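Visitor:
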Amino acid sequence: MKNWTKELIKKKLNTLRQACKENGEEFSDDMAFDIADSFLYDQPGLEEAIEKHMGVTDVQGYVANYIC
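The working numbering applies: residue 2 is where the sequence shown begins, and numbers increase by one.
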């Protein structure tokens, strides 16, 4: 498992946000939540790290809003 730091979390989220923007497609809320869910699933320990370092309780909602 990665040693998630606040800086690494921001880097990963910014990379995901950029990929969403480059797609050029507007995402519905449902699509944003699906992307966030898949992203969190593929990144072991990230959900817990976001809770810890960012003080977020709704991690999936946080990621969905951050990226789209």
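In this text, a Cβ means the ideal position worked out from N, Cα and C, and glycines have one as well.
None of the values given here were measured: they were computed from a predicted structure.
#1: For Y67 versus L9, is the C-beta distance shorter than 8 Å?
#2: Taking its Cβ as the centre, do 16 or more other Cβ atoms sit within 10 Å of A65, making it buried, or is it exposed?
#3: Is A20 buried or exposed, if buried means 16 or more other CB atoms sit within 10 Å of its CB?
#4: For the alpha helix (DSSP H) that contains G62, what are its first and last residues?
#5: Taking K11 as the reference, give the member of S39, D35, L47 with the closest Cα.
Guide: According to the data block:
#1: Contact annotation: Y67 and L9 have beta-carbon atoms that are not nearer than 8 Å.
#2: Within a 10 Å sphere around the beta-carbon of A65 sit 16 or more other beta-carbons, which makes this residue buried.
#3: Burial call: exposed.
#4: That run of the alpha helix (DSSP H) goes 60–68.
#5: Of S39, D35, L47, the residue nearest in Cα terms is L47.
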